[in-house]
Structure formats: structure tokens, C-alpha cells
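Written below as C-alpha cells is the structure these notes are about.
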Amino acid sequence: MIINTTILSWVTFIYFASAVFYMFRMVTGKEFWGPLASLIALAGLIAQTAALILRWVESYKLGIGHAPLSNLYESLIFFAWTIVLLYLIMEWRIKSRNLGAFVIPFAFFSMAYASLNVKSGIQPLIPALQSNWLISHVITCFFGYAAFTIACGLGFIYLLKGLEGRESSSPFLRLLPDREILDELSYHSVVIGFIFLTLGIITGSVWAYSAWGSYWSWDPKETWSLITWFIYAAMLHSRFVRGWKGKRMAIMSIIGFASILFTYFGVNYLPGLHSYF
Amino acid sequence: MKKTLLSFLSSLKLTIGLLIIIAVASILGTVIPQQYEGGQSFSHLSPGLVKVFKSLQLFDMYHSVWFIVLMGLLSLNLTVCSLNRLPTSWKLFRKKPSPDRDKPFEDLPPDRILATEKERNEVIRGVEKLLHRRYKRASRKDTANTTFFYGEKGAYSHFGVYIIHASILIVITGAVIGSLLGFDAFVNLPEGESTNTVHLGRQKGIKKLDFTVRCDKFSIAFYDNGMPKEYRSNLSFLKNSDVIHQGPLLVNHPITVNGIRFYQASYGAVPGGQAYITIKKGNEQGTTIKVKLKDSFYLKGNNATATIERIEENLMTMGPAVLVNIQSPEGNIRLWVFKYIDRIKEGIPGLFKKVPKFDPGLFKPYYFKLKKIESKYYTGLQLSHDPGVSIVAVGSFLIIIGFLITFFSSHKSFWLRVDEQEGKSRISVAASSNRDPVGLKRETDSLVKHLKRMI
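Here it is in C-alpha cells:
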């Protein structure tokens, strides 16, 4: 096994540990676990960044140099990286560790899926992928996906928080942030995700225009990204125009995330041009 | 009647309904195979279903009449909604609230009220200067013992959403222009050949270009692991036998000639390649000859003529093979000459008994062996002419600008009141905004900080 994949398989366990500690913190209500969980997540992020750089360098040593964003394995790894990066920035900005237990598991799942089910070797780029648009397209898309992942995590917390107030409200529900704050954070995540998704679609169209002769060809991945875009556009409109908030937004952010998952994975089972992801 | 139609067209219900219908239709389109070139078989579908699907244009759904109508309705809905709301936003943008209002100052937190020993007129002069420096749109009103100020920024943020909607309409316009005035086409061009006729894709039929394209050479390069590395067509474009453009065409690097973009789309082998055949008698060295399709050569001694009837890249997955027809006084013999005959023989015991025409020694005393084939390729070129692209690009760019305005700016209003209380001058600061409370607080804090520094 090459060094970068070894590090990456360790990072999978690091994120698992971090997620577990975030959960300990919630269940026990002891703050002690919080900083530990954050520190471990940060260590994982640093190790993962190093592994990605190593992988990049390694590809150049193989004479097929390209950014580590070129196949399903690399995209899953990058997805986890963007989730943890965005989460840690958010944790630092809002000074609250309550969301970790709902967000870091997504990073762990992505890493675990990559290491268990997907070929991890560095492959050369086929002609269609040899484009400068590869990097900007993949980066914008995955930052969008990561922001929507966080919004989905927030949606779950919002619904959980709704259980509070009934007879046996456990201490960990009380620890969760107020619903207004959750709603506000979820809205901000969706806005960030929406802008990045739009940028991802635009960069993808520019790339398609230089590779396939058409900026839009209704390929399943394109179509599904448009459907996802519609879902989040509808969500933002119902908030702006109708003033929808709270539970409905939480449910919509979960539906939107399901659409993201289908755009990312489900589409691979349909015939189309994006078959290398 | 007119009113109800208009209110229907501008309703959010219509928007949501259309988005759902378009989304569901699009999902159908990703499940049903889409094609416009024809010829694909739908053997896994029952003929009745194929008929229904065809009448609903489901095999080319995204270009079907009903899908275009849906998209048209969505554009209309977007336009009507935006026009409906525009006057409200315009009023909000133009609105200059009178500064002498007391309502904003109700329930003001203590940290928004500053007191100073300084004389009131001096304070008023300072506040006015500061406000005019910070906000382009600022105004003042004096009453008996009180002076009011009003300043605002970001009033343009009311228009962000219209920029987004207009940009989406621009993108759709570009797409419509492209599909009306543009075309897409393809042509398979063998090496060394040229053409000015291409097959239209969606519109069907053929199209004559006002120049000729020639494929000088096609080549493929592979990585060590066998994955393709590069597809390259060396193309020349000619007009009245003058070369107007020449260059390599690669995937991701299209060539534009006279507004038509050429893309490297596919490739394949064509008959017309050359084969090298070794012919020997008994144990002698043998001679290798180069042959093309339909070439004939003489076999000394037997008074026989051999003709090359077929050259195959890969015959029944057994590798390169050539069909030779030998005519001699004794009669006609056809035999396939393979490159990898030894390997094939090992794989199928008793092959020559079963299929005598695979026996390289069938025509005695000669023995034939295929040394190699030099394939001739054709390059598959995709052509497109789309005059709407620059409009779509402008629209996409404006969408992002619209996003930045809508999501990252807000209309912030500030009310300041200067009066006297218990012999001290007093400044009260109130603020409001249409969104982004966090940004408003930051801006207000900064304003208060500057006011404190002044007094």
C-alpha cells in the first residue's frame, strides 16, 4: 500500500474517534469531551491534507501528474475533507460544538466508503478529464455538497430539538442550540451550498462546452444537479416569499441532501457522460 | 378574466407546481434512454409501450414540445412574478423616510445611547460630518430641541433578486437562440480523406459546409497500464484548395473555423488498411509482402493467383486476420490467415479439422502467416455552431453577481437623534435592515464606536 492511502485509512479512524467523542459530549453532557473531539478532528484534517498533497506529488512521480480529484475514491476523500474543513470553520465561528456529532459522521462515512469499496490507486487521466476545469469544477461542487451536508445535519438536530419540552427531555436535548439559531445556521449553510452548486454547474458547463461540444446535454448528472438546484431554489423562495422557517426548512434540507446523494452516487447507475465519477 | 390569468401566472403555487413537474419529467428523462440519432433498439420494452413513449416524445424528451412548453411557462412565471414585485422594491429603494421619527428609538438598549459634556451644536456638526462621510444617502431634520439624522446603505440590495431572475431569463434566451440558429453535427472522416458534408444531429439531414475539412492523420496514445492517454486528429481546413487552418484536434481542445467548433468525439478503424503476409514453402525463409484490399499476387509454380478479400482488425475476437482467395487450375480455396494462429490453435484442439479454412497450410505446399496489419483509422468529429453561447455566459456571470448582492448585502437604515438631557448632549442610535441582523449589528457597533471617538 502506498503511503498516502495508509494515512487516509488512518484518517478514517481518526474521524470515527472524533465523531464518537462529539457524541460522548452530547450524551454525558460533560464539556471535557468537546475540545478533545475538536482537536482530533483538526488532527485528522491536517493528516488528510498532508496525504492529499503526498498523493498529488506521487502522481507526478508516476509521470501522470494531476490533482487528486480524478476518480470516485479521490472525490470521496475530498468530500470528507471539505465537510471537516467547513465544519471546523463553523465551529470556530459560532463557538459551539453541538453540531459535531451530526456532521463529522458524514465525513467518516465518506472516508469509510472510499476505503472499503473503491479502488484507491492513482490512475492517469483519460483524455476527457485532461482539463484545467477539472479542479475548479470538482472543488466548487464538493464545497457545495459539504455545505448541504452540514445543512442536512442541522435539519436533523432541529427535528431532534423539537422533541424537547415533552415530559422526559434528556439533558442532551437541552444542550442543543436554540431552534432559531439552528434555523439561521441552516439557512446560511444552504446559501453557501447554493452558490457553490451554481458555480459547480457553471464550471461544469464551461468544461462540457470545451470537451463535448455543448454546454448542456441533459446527461443524467447534469439533469440531477439541476433537480437539486430546483429543490434548494424552492426552499430559498419559500423562505423569502412565504416566510417558511423551522421544521419545513429542516425537512427540505434533508430532502435536498437526498437529492445530492443521488446526484453523486445514484447517477452512476444510469448511462451517461459522468461515468468516471 | 385578465386579472385571474395574471394572478395565476404570478403565483408561487404555479412556480412550485412547474418545478415539481419539470423535476419529475427530468427524472423520467434520465431513466428512459434519450437519443435523437435513431437506430437504437428498445428490445427490452414492449412494442405498445414504445408506441406510447414515442407519441409522447419521451425518447427525445428534453426537446419535446411539452417540455419546451413547461420551460416557457416557467420563464413566463418568472417574468410576471418579477414584474409584479418590482414596483414594491423600487419604492423601498426610493423611500426616504423622514428622519424625525421617534418610533425607532423606542426600547433602545443603553449601549446605543451616548452622553457627552460637549455643547449640542458641536455634537450636531460632528454627527453630520461623520454621517455624510459614511453614507451617501443621509439627511437631517431639526425640530425645536432635537435634531434628527437618517443615513442608509445597501438600498441596491432590493434589486439582487431581479438580477438573478433576469440572468436566468438571459440564459434561457441564449439557449433558445442556440437551438434556433445553431446546429450540431457529426462526421466520420477516414485518414487522408476530406469532406464538406456533415450529418446533422438533432435537426437530422445533412449540411454542406462552405469549406472542406481533411483528416491528415489520426493517432491514439496509451499509458503504460493500457488506459487511453490521447486521441489526436491532425486536421486541415481548406477553402478553394487554400489551407485556411491547420492543427491538431484533441479532446478538450476544440478548433473553431468560421464560427463552427470541431470536437474530437470518437474514432474507429476503417477497411483499407495494409497487411503484411509472410509466404513460405516448406522450410525456406519465406518472403513478406505488403498487400491492400483486393490486391492480387501470383504464386509461382502452382499457376495460382491469390486475392485479398477482407482485412479485419479483430476477427471474432481472435485478433487480426486476412481472407485470401486462391484461384488455381484445381479450383478455388478461401482461407483466413491469422496473426496469432499458434495461440488460437492451442486454445481449440483439432481446429483445422473442424474449420479447414483456418489452416495456414491448406494450400500446399504454401504456408501463410499474417505478420501485422496497419490499420487505417477514421476520426469521429463533432461539430457545433451555437450563437447563443456568449449570451448564456453573460447570464451565468450575472447570476453570480445577483447572488452576491442578494445574499451578502442588505439595506441598512440608521436613525440618529441628538438632544439634551440633564444638561448633557445625548446621541441615540437606532438601526434596522431588511435582512442580515448580524451584519447590521456589526455596522451599528462600528458607527457607535466612531461616534464615541468623536465626543
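Listed in order, the protein sequences are those of chains C and F. Going by my numbering, the first residue of the first sequence is number 886, and it counts up by one from there. Going by my numbering, the first residue of the second sequence is number 1398, and it counts up by one from there. All residues carry an ideal CB built from backbone N, CA and C; glycine is no exception. On a predicted model such as this, the values are computed, not experimentally measured, just so you know.
Can you list, in chain order, the residues of its chain whose CB lies under 6 Å from that of residue i, leaving out five sequence neighbours each side?
| i | result |
| --- | --- |
| N1637/F | none |
| K1838/F | none |
| D1756/F | F1749 |
| N1722/F | T1704, E1706 and R1731 |
| S1663/F | G1777 |
| N1631/F | D1613, K1614 and P1645 |
| A1618/F | K1626 and E1627 |
Going along the chain, which residues of its own chain have a beta-carbon closer than 7 Å to the beta-carbon of residue i, five neighbours each way excluded?
| i | result |
| --- | --- |
| V1791/F | I1567 |
| G1551/F | S1806, S1807, H1808 and K1809 |
| G1656/F | H1782 |
| F1147/C | W1109 |
| S1564/F | G1792, L1795, I1796 and G1799 |
Quick test of your reading: residue i and residue j, contact by CB under 8 Å. State the CB separation rounded to the nearest angstrom.
| i | j | result |
| --- | --- | --- |
| S1854/F | G1602/F | Not covered by the structure: residue 1854/F. The range shown for chain F is 1398 to 1852. |
| K1626/F | Y1620/F | 5 Å |
| Y900/C | M996/C | 6 Å |
| S1822/F | R1517/F | 5 Å |
| S1071/C | S1138/C | 6 Å |
| S955/C | L1001/C | Actually they do not touch by this definition, with Cβ atoms about 20 Å apart. |
| L970/C | L1014/C | Not a contact, Cβ separation roughly 24 Å. |
| T1702/F | Q1671/F | Their Cβ separation, rounded to whole angstroms, is 19 Å, which puts T1702/F and Q1671/F out of contact at 8 Å. |
| R1658/F | L1647/F | Not a contact, Cβ separation roughly 13 Å. |
Quick check on residue i: does DSSP put it in helix, strand or coil?
| i | result |
| --- | --- |
| H951/C | coil |
| G1047/C | coil |
| A999/C | helix |
| E1069/C | helix |
| E1107/C | helix |
| G1435/F | Unreliable positioning characterises G1435/F in this predicted model, as indicated by a pLDDT of 43, which lies under 50. The coordinate reading is nonetheless provided below. Three-state DSSP puts G1435/F in coil, outside helix and strand. |
| R1832/F | coil |
| P1494/F | coil |
| I1741/F | helix |
| Y1100/C | coil |
| R1707/F | strand |
| P1645/F | strand |
| Q1779/F | strand |
| T1594/F | strand |
| E959/C | helix |
| L937/C | helix |
| I1686/F | strand |
| G1445/F | helix |
| S1536/F | strand |
Given that a residue counts as buried once 16 or more other Cβ atoms are within 10 Å of its Cβ, and exposed if not, what is residue i?
| i | result |
| --- | --- |
| F1490/F | exposed |
| Q1779/F | buried |
| E1840/F | buried |
| R940/C | buried |
| R1530/F | exposed |
| V1524/F | buried |
| H1022/C | buried |
| S1074/C | buried |
| Y1553/F | exposed |
| K1687/F | exposed |
| V1421/F | exposed |
| E959/C | buried |
| K915/C | exposed |
| A1541/F | exposed |
| Y1547/F | buried |
| K1106/C | buried |
| H951/C | buried |
| P1496/F | buried |
Look at residue i and residue j and say whether their C-beta atoms are less than 8 Å apart.
| i | j | result |
| --- | --- | --- |
| I968/C | V988/C | yes |
| G985/C | A922/C | yes |
| A1582/F | H1562/F | no |
| G1078/C | F1033/C | yes |
| Y1673/F | K1761/F | no |
| Y1763/F | I1676/F | yes |
| A936/C | N889/C | yes |
| L1425/F | L1455/F | yes |
| L1606/F | N1585/F | no |
| V1752/F | V1734/F | no |
Is residue i close to chain A? Criterion is C-beta to C-beta, closer than 8 Å.
| i | result |
| --- | --- |
| P953/C | Absent here is chain A; the protein component of the structure consists of chains C and F. |
Within the same chain, show all residues whose beta-carbon is closer than 8 Å to that of residue i, passing over the 5 residues directly before and after it, in chain order.
| i | result |
| --- | --- |
| H1847/F | L1527 and R1531 |
| I1116/C | M1137, I1140, G1141 and S1144 |
| A1119/C | M1137 |
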